[in-house]
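From first to last, the protein sequence lines are chains A, B, C, D and E. Start counting the first sequence at 13; every next residue gets the next number (this note's numbering). Start counting the second sequence at 13; every next residue gets the next number (this note's numbering). Start counting the third sequence at 13; every next residue gets the next number (this note's numbering). Start counting the fourth sequence at 13; every next residue gets the next number (this note's numbering). Start counting the fifth sequence at 13; every next residue gets the next number (this note's numbering). From the three backbone atoms N, C-alpha and C, an ideal C-beta is built for every residue, glycine too. Predicted, not measured: the structure shown is a model, and the values here were computed from it.
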Amino acid sequence: MRSVHQAPGTVTYVGRKRSMETLLEVIDYNKNNFERFNSKQPIDAFNFDHPDRITWVNLDGLSNTKEIEKVGKYYQLHPLIIEDIVNTSQRPKIDEYEDYLFIVAKMLYFKKNGRLENEHISFVLGKDYVLTFQEAGGDVFDGVRNRLENSNGRIRTNGSDYLVFALLDAIVDNYFIVIDEIAEKVEELEEELFKNKPRENITHEIQDLKRAILKIRRSVLPLREVISRLEKMENTMIQSRTRNYINDLHDHIIHITENIDLYREITWGLMDMYMTTISNRMNEVMKVLTIMASIFIPLTFIAGIYGMNFEFMPELHWKYSYYVLWGVMIAIFILMLIYFKRKKWL
Amino acid sequence: MRSVHQAPGTVTYVGRKRSMETLLEVIDYNKNNFERFNSKQPIDAFNFDHPDRITWVNLDGLSNTKEIEKVGKYYQLHPLIIEDIVNTSQRPKIDEYEDYLFIVAKMLYFKKNGRLENEHISFVLGKDYVLTFQEAGGDVFDGVRNRLENSNGRIRTNGSDYLVFALLDAIVDNYFIVIDEIAEKVEELEEELFKNKPRENITHEIQDLKRAILKIRRSVLPLREVISRLEKMENTMIQSRTRNYINDLHDHIIHITENIDLYREITWGLMDMYMTTISNRMNEVMKVLTIMASIFIPLTFIAGIYGMNFEFMPELHWKYSYYVLWGVMIAIFILMLIYFKRKKWL
Amino acid sequence: MRSVHQAPGTVTYVGRKRSMETLLEVIDYNKNNFERFNSKQPIDAFNFDHPDRITWVNLDGLSNTKEIEKVGKYYQLHPLIIEDIVNTSQRPKIDEYEDYLFIVAKMLYFKKNGRLENEHISFVLGKDYVLTFQEAGGDVFDGVRNRLENSNGRIRTNGSDYLVFALLDAIVDNYFIVIDEIAEKVEELEEELFKNKPRENITHEIQDLKRAILKIRRSVLPLREVISRLEKMENTMIQSRTRNYINDLHDHIIHITENIDLYREITWGLMDMYMTTISNRMNEVMKVLTIMASIFIPLTFIAGIYGMNFEFMPELHWKYSYYVLWGVMIAIFILMLIYFKRKKWL
Amino acid sequence: MRSVHQAPGTVTYVGRKRSMETLLEVIDYNKNNFERFNSKQPIDAFNFDHPDRITWVNLDGLSNTKEIEKVGKYYQLHPLIIEDIVNTSQRPKIDEYEDYLFIVAKMLYFKKNGRLENEHISFVLGKDYVLTFQEAGGDVFDGVRNRLENSNGRIRTNGSDYLVFALLDAIVDNYFIVIDEIAEKVEELEEELFKNKPRENITHEIQDLKRAILKIRRSVLPLREVISRLEKMENTMIQSRTRNYINDLHDHIIHITENIDLYREITWGLMDMYMTTISNRMNEVMKVLTIMASIFIPLTFIAGIYGMNFEFMPELHWKYSYYVLWGVMIAIFILMLIYFKRKKWL
Amino acid sequence: MRSVHQAPGTVTYVGRKRSMETLLEVIDYNKNNFERFNSKQPIDAFNFDHPDRITWVNLDGLSNTKEIEKVGKYYQLHPLIIEDIVNTSQRPKIDEYEDYLFIVAKMLYFKKNGRLENEHISFVLGKDYVLTFQEAGGDVFDGVRNRLENSNGRIRTNGSDYLVFALLDAIVDNYFIVIDEIAEKVEELEEELFKNKPRENITHEIQDLKRAILKIRRSVLPLREVISRLEKMENTMIQSRTRNYINDLHDHIIHITENIDLYREITWGLMDMYMTTISNRMNEVMKVLTIMASIFIPLTFIAGIYGMNFEFMPELHWKYSYYVLWGVMIAIFILMLIYFKRKKWL
C-alpha cells in the first residue's frame, strides 16, 4: 500500500525487493520476424517501433520508480497507472483507457516452507505493444517465450491481445501447479496427523496452510473477475477470435476457484482431525495408567495387610499362607486382565 | 488440466488411463431400423451416414489423441472442443456452436474403499448424430442401449436431442445411486461411532467421505447449470417436446443437490459425534481408575500404619485388633461403593 | 426416485407402502349441496360430473399404478404428471398446464422415536374439480372435510382454487405442529444434557434431530417457492379473492422457515453443550481422584518410612513417637483439605 | 399461530395473556387541542370523530376478540387484518389497503432471567386516525404521549403518518435498550467464564442468550423490511416530509441489525471460551495429581525396599543407613521440584 | 444513539468525551494563497468568505451542541444532519442535499490493550467549503494539512471535492495501519499460543481481537458503500477528474475489507489452535504421571511382598535373595523404559 500520509498519485514502490535494478527485455515479432533484446536501460525499449510488428516490453524490478515513470511517460500512461504498477499491494483489476487496457495480476509461488509468495505483475495492452512490469526476474512466461521464438501455435500470427491472453494463461496454468502443491501439502499433513506422534508444530503448519489458501483466494477471485470482464468487454482492443480463448481461460479459473474451495474445506477439517487424534492418544495414555494402577494397587494393599505387625494374626503362622496368597494374587491379576480385555482396553 | 507451459489449444490427454486403445461403438437407428457396430478403428464411424437415421457414435478411451482429432476433423469440431474432450479435468459445461451443441459431464462411481472416482464424458449433439467421448469402457448407458434396441419408450421415434437427454438422464440417475451409497456409508459410520471401540482410522474415513461429497458437488453443481441452460436455451437443436423432459431432469438434479447438501451437513456433524464418543470413553476410563484408586489408596495407608515398627504401639498387642481392623476396612470399602453409586459412576 | 435404467416417463411407484390398495373418496359440493362417497374402485370417481358442482377426488395409495394411470387418462393428465404423482421422492413443485395446475407437496409427521416421516401428496387443480393423490390413508384434511360438510366459513361458496388453498393451508398448519414437536424435543434434550448422567445415546438423538430438521427444510423451502409462485401467478385458475388468502399462507410459511432456522441453530449448539457437559463431568472425576491421591499418597509414604527395618532408627524407640506421628498425619490431612477448599475443588 | 384445523380468516386469539379485559385509550389532537380519554369499553372510541383532528385509538388486550371485531367493523377493516391483529405469532409485515396501511411489529423486553419476551403490536394508519392494538398494557410509547401532551417537537403539527413514524421510532429506540442489555449480559458471561469456578448452569445461560439473540433477529429483520418498504412506498398516506424521518429510522434499524450480528458472533464464541476454560482447569487438576504422585510414589517405593524382611540386607545393619536414606529422599524430592519448576507446572 | 424517549430530530450528544470544549480550525486556500486560523469560538468561522477560495472548517468536540447548531444554521444544514453530526453512534452514510453532500465516517485507532476505539467524523461538502466535525482533537489529517500548506500534489489546484477525497483517503490509509496492527496482534497471539505456557487470559485477548475485527468491519463496510455511491453519483458537486481518484480509493477500501476477512478467518482459527495446545499439554502431563506410576507401582508391590511377616517365606532366608530382587526390579525398570520409548512417550 502507499505509505501513509502521502498524496494520492505519488509513485512509491512499497515491495520488499528494494535492491534490484530494473532489467529490460524486449521481444519484437511478427509472423516472419523475431527479435529478442536484453538491457539494463529501460529507455532502450523506445528504439523498438516497427509499425508492422508487435513489441513485448518486459521490465523486471520496480524499486527504481524514476525509470518506470520514464517508460510511463513515453507510452503516455495515466499517473494512477504508474502508481498501481509499483504498488505491489494493489489487488488484481482491469481498467479501460482510450488507447490501452491496464491489467494487474499476481503470480503465486508456494514455497517449500509452506508459505505462499506472490509477485505483483501489471500488463498494459496497446494496439501493437504489450508492456509487462514485474517485481523481480524469474517468471512463468518461458513457455510463451519459446512458442514466440519457435513460432509454433497461433501466437506469432495473432495480435497483441492474443499475447496478453497467452501471458494470463501462463499465470493461470501456474495456479494449477500451486494448487497441486497445496493438495500435496494437505495429504502430507493428513498422513502426519495419522502418525503416532505428529510433528509438534503441526497446528502451525495447518494454520499456515489456511493462511496460504486464503491468500490464494484473494489473488484468484479478483483475477476471475478481471477475466470475466475481459470476456464480456466491448473493446476494439480485443479481437473476436481471441475472445474464444478468453472464454476457455475463464473456465480454467473457475475450475481453480472451485479447487481452492475444496481444499479450503478439507484443510479446515484437519484441525478437527488433529483434535480427535490428540484425544485418542490421551485415551491410550489413560488406559495404560488405569490398567497398571487397577492391577497393582489392590495387590499392594494385600501385601500391605500381611506386612502389619499385629501380634495376633493367625494367617502369619500357618505354613501355606504364603503360597495361598500368591495364588490369590495371581487370580486377581488374571481376573483383572480378563476384565480389561472385555472392555477392549487391551 | 493442460500440462503447463503448453500452447492453449494443444490437444493433450491428461487422464490416468493411458494404456487404453480407443474403441468405437456406433448405434444407427430410426423408428424402424436399428444397427449396432463395434470396432477398434474410430474412422469406421464415418461409414454411417444414412440421412434419415440418427447415429450415435460412442468412443471409449481418450489417450490416443490423434484418433480423436481425426474424428473431430470429420465432424468439423472447433479445436477448443477437441482440447476439452481429452482434458479430463474440464468441468461440466455447455457451449453452443452453429451446427452443434457441446456438453461436458462427469460420470461418478463411489468405490468400496470410500473413494469417489469420476469419468470425464463429452457430448456433441448434431442435427442427426450424437457423439460421446468417454475415458474408458464401461458406462451407465446400458439402459439406453436396451431401450434403443427393444424400441420401447419414445426413444426411437424422437430426435437426436432426445437421445442426449436420455444419456444425461442416465448419468443423473446414476448420481442417485452414488448418493444412496453415500447415505449408506454415512449410516455405517454413525453405527461404527456408536460402538465401544470404533475402527482406528475412522477419522480418515470421515475425512474421505467429506472429500467425496465435496467432489460430487463439484461435478453436480456445474451440470445443474448446464441442464438449466439447456432448458432455457433458444436453440433449434432442442425440440419443444424434449424440453418438457429436460425440465423434469432439472427437477431431478435439484433434488440431488439438495440431498448432497443434506448428507454434507450430516457428515460434518460426524466428527463432533466422534469427539464426544472419545471423551465419553475417556470418562469411563477415568472413572475406573478413580474408583480403584479411591478405594484402595486409603486402605493401603491403614495397612501401612500397622506395618510400622514403633516399639510403643498399643493396638499391636491387643488381641482383637486385627479383626477390628478388617471390619473398619470393609466398612470403608462399602461406604466408598455407596458414594460412587450415588455419584452414578457405578 | 425412478428406479435406475428405466425410461423417463415410466410410471413406477417407488414408495415403501407397497401393499396398500387404492382407496377413493369423493366430495362433491356447491353452495347448497354436499355429497360424500367412498369406494375401493378409483374409476367410480368418473360418475361425478355435475357441471355446477365442485368435485374433490381424493385417492389414498399409490402402489397400484394402473389405477392411477386410468384416472390420469380420464382427466387428460400429461404422462410426466402421472410419473410425479407416484414418484414419492419428487420434491414440492408447481407446474402450469393449459387446463389445470399441478402441485406436489409433502405432509410431515414427527414420530415419537424422533424420526421424521413424510408423505407425498399431489394436487391437480382444474376448473371445477380438485384431485389429490396421497401415499396412504390418514391425512391432515379432516378440518377441511368438516368445514365442507358443515358449510361454515367461505369454503362452500368459493371455487376449486379456494379448496386447494384450504388443503395447502391445512398442510402448512400441520407444519406448525411438527415445529412445536421439534421445539419440545429440543427442550427435552437440553434438560437431559443438564442431568448428571445423560442417556447414552443422546448424541444419536441430537444427530437424528439435526437430520429431521434438515429434512423438514427440504420439504418446506420448495413449498414456500410453490406458494410464492401461486401468489404471483397470472393464471385464470386462481381467482383474485383467493389471492389474498394465498398471500396470508405465504406469510405463514415464511414464519415456519424462520422457526426451522431458529431451531436449527439451537440444535447445532446442543452438541457443544454436550461436549462441555462431558468435560465438566470428567473434571469432577479427576478432582476426586486427585484429592484422594494427594491426601493419602504422602501419608502412606510416612507410614512406609517407619515400616523400614533399619537397626538404628531412634524414633522407633521413643515412647511417644507413635502418637506424635498420628498428630503429624492429621495435620497434613487438614492442611490438604484447606488447600483443596481454597482451590474450590471441594 | 391460528389453532390448527380451523378455517382461515377465523379470529382467534392465541397469545398467553388470556384473562385481560380490553382497555381503550384515545388521544385526540390537532395543533391547538389535546384530549385524552380512557375507558374499558372499546366502543367508546367511536365518539371521537372531529374532522380536523387526528385520533389515536390504542387498545390493550387482545383476548376479547368480539370487541376487536366490533372496532374492526367500525373502521371497515378487512377480516384478514382482524385475524392478524389477534394472531400474536404473526411476524412483522406491512399491507397496503385502499384507505389505510396495516403494520405489524413486535415490542421486545429482555427479562432479568435472560429470557426475551415479545409483545405483538399492530398499527392501522388511516387519513386522520391511527389505531394501535397491543397484547397488554404497558408499552414504550410514554415519550410519544408526553410530546403530544406538551406539544414539543413537530408531533402536533404533522399528520397521522408522523404519529405512526413516532410510534415505530419508539419501538426501534427500545430495541437499542434491549441490545444494550444483551451487551451487558454478554460481558457478564465473559467475566463469569474467566472465574476459577463459573456457575454450573452457564452453558444454559449461553444457550438462552443465543436463543434470545436469534429471536430478536426474527423480530427485527422483518421490521427492517417493513420500514424499507414504508420508505419507498408510493402511497398518498405517507407525506414527503415524513419520508426523511423514515429514512433516518431505516438507518437506525440497520444499525440495530448490525449490532445484533455483532453480539451473535461474540456469543457464539463464548462456548469455545468456556470449553478452553474447562480444559485449562482440568490441566490444573492433572498437574497437582501428577506432581504429588510423581514425588511420593518413588519415595514410597524406597521406603518399601527397606521394609522388606530379608535376613541378609547389609544396609539394615549399618549405623548411618537411616540418615543417608533421608538424605537421598530429600535429594529426590528437590530434584523433582526443580524438574516440575522447569516444566512450568509449578 | 439518541437517548430513548426523546423526539426524533432532537440534537443530543451521546459520546463519552463530554468535558471538551469545541475548537475551531479554519484553513482557507486557493492556488496562490494559504491561510490557517485557530480559535475556541466556532462562530469565528463565519468570517472566512472569500468567493475565490476554498474554506476547510474543522471543529473538534461535539458535546457543546449549541455551538454546533449555530454553525449548522449559518451553513443552512437540515436539522437531521445536525442530529447525525453529534450522534456518535450513527453508522457511515452519505446523504445528498441540494447544495451539499453529507458524509459520515469513522476514524479507527487500535489501542495497545487490544481494544479498538473509533471516532465519529462528519463531512459537509459544499461548493467552496468543506466542514468537518470530530469528536475530539487529534486526527489522521496532518498529511493533508502539510500538503495544503506546502502546496505539493494537486490539492491546492483542485476543488473542494478533491479535499474531501483527500480526507477520506487519509482515513482509509489509516485503516491500513489498523489492519497492520491487527496482523501484528494475530502473529503475537499465534506465537504466544505456541509457547509452553501461554498467558492465562489469552482466550480473552482472542475474544477481544474478534470483537475488534467485527467492529472494524462495521465501520468499513458501510464506508465502502459510501465510497461506491460517491463514485457512481451523478452530482455536480463531484468533478469528473476527481472521480478517477475516488475509483482508486474504492479499490483501496475493497482491499481493506478483503484483508479484514482474511484476519477474521485466521483469528477464528486461533481458538481451535489454543484448544489443541491445551490438549497437547494435558497429554504431556498425563504421560509423566503414567510413566512414573507404571514404573513404580509394580516395584512397590514387589517390595510390599517381601515386607510381609509370614513365618514361612523361604526367599527371606536365602542369602542372595536381596541382590536377586534388586536385579529383577532393575530389569522391570529397564523394560518399562523400553516400552515407553517404543510408544514414543519418552
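Less than 8 Å divides the Cβ of Phe145(A) from the Cβ of Ser134(A). Cβ atoms of Phe46(C) and Val38(C) stay farther apart than 8 Å, at about 12 Å. Taken in chain order, the region 180-236 of chain E contains no complete alpha helix (DSSP H) segment of 4 residues or longer. A Cβ-Cβ contact shorter than 8 Å links Leu120(A) with Ser231(A). For Leu337(B), the closest C-alpha among the options Ile309(A), Tyr335(A), Asp220(A) and Gly316(A) is that of Gly316(A). Among the residues facing chain D, Val297(E) is included, as its CB has a counterpart in that chain under 8 Å away.
Put simply, the CB of Thr312(B) is near chain C, with a gap under 8 Å to one of its CB atoms. Cβ proximity to chain A below 7 Å picks out Gly316, Tyr318, Gly319, Asn321, Leu328, His329, Lys331, Ser333 and Tyr334 from the region 316-344 of chain B.
Listed by position along chain A, the residues whose Cβ is nearer than 7 Å to that of Asn208(B) are Lys356. The beta carbon of Ser163(D) does not come within 8 Å of any beta carbon belonging to chain E, so the residue lies off that interface. Assigned with DSSP and collapsed to three states, Tyr318(D) falls in coil, not helix or strand. In this structure the region 57-72 of chain E lies against the region 161-180 of chain E, because at least three pairs of beta carbons, one per stretch, are closer than 8 Å. Val198(D) has a beta carbon lying at 8 Å or more from every beta carbon in chain C. Per DSSP, Tyr334(B) lies in no beta strand (DSSP E) segment; the continuous alpha helix (DSSP H) that holds it begins and ends at Ser333 to Arg354. Assigned with DSSP and collapsed to three states, Ser101(B) falls in coil, not helix or strand.
Any Cβ of chain D closer than 8 Å to the Cβ of Ala195(C) would place that residue at the interface, and such an atom is absent. Following the DSSP letters along the chain, one finds His329(A) inside the alpha helix (DSSP H) bounded by residues Pro326 to His329. In this structure Ser306(A) is buried. Its beta-carbon is surrounded by 16 or more other beta-carbon atoms within 10 angstroms. Between the alpha carbons of Val198(A) and Leu347(C) lies a gap of roughly 53 Å. Counted as a single uninterrupted DSSP element, the beta strand (DSSP E) harbouring Glu129(E) occupies residues Leu128 to Leu137.
Here the region 275-288 of chain C makes contact with the region 284-295 of chain B; the two share three or more CB pairs at distances below 8 Å.
Bounds of any beta strand (DSSP E) do not take in Thr77(D); it lies within the alpha helix (DSSP H) bounded by Thr77 to Tyr86.
Taking C-beta atoms as the reference points, Thr34(B) and Asp72(B) count as a pair closer than 8 Å. Secondary structure at Ser51(B): strand, using DSSP grouped into helix, strand and coil.
Across the region 235-246 of chain D, no CB contact with chain C closer than 8 Å is found for any residue.
Secondary structure note for Asn70(B): its beta strand (DSSP E) is the uninterrupted segment Ile66 to Asp72. Going by C-alpha positions, Asp140(D) is about 14 Å away from Glu110(D).
Listed along chain D, no residue sits closer than 7 Å to Leu175(C) by beta-carbon distance, the nearest being about 12 Å off. The beta carbon of Ala305(E) falls within 8 Å of a beta carbon belonging to chain A, placing the residue at that interface. In this structure the region 317-332 of chain D touches the region 310-326 of chain C; the number of beta carbon pairs closer than 8 Å is three or more.
Taken atom to atom, the span from the alpha-carbon of Leu274(C) to that of Tyr187(D) is near 20 Å.
When rounded, the separation of the alpha-carbon atoms in Glu202(C) and Glu129(A) is 48 Å. Here Met119(A) carries a strand assignment [DSSP, helix/strand/coil].
Excluding residues up to 5 positions away in sequence, Met119, Ala182, Ile183 and Asn186 lie with their Cβ nearer than 7 Å to the Cβ of Val152(D) in the same chain. 8 Å or more divides the Cβ of Glu237(C) from the Cβ of Arg255(C). A residue is called buried once 16 or more other Cβ atoms fall within 10 Å of its Cβ, and His329(A), having fewer, is exposed.
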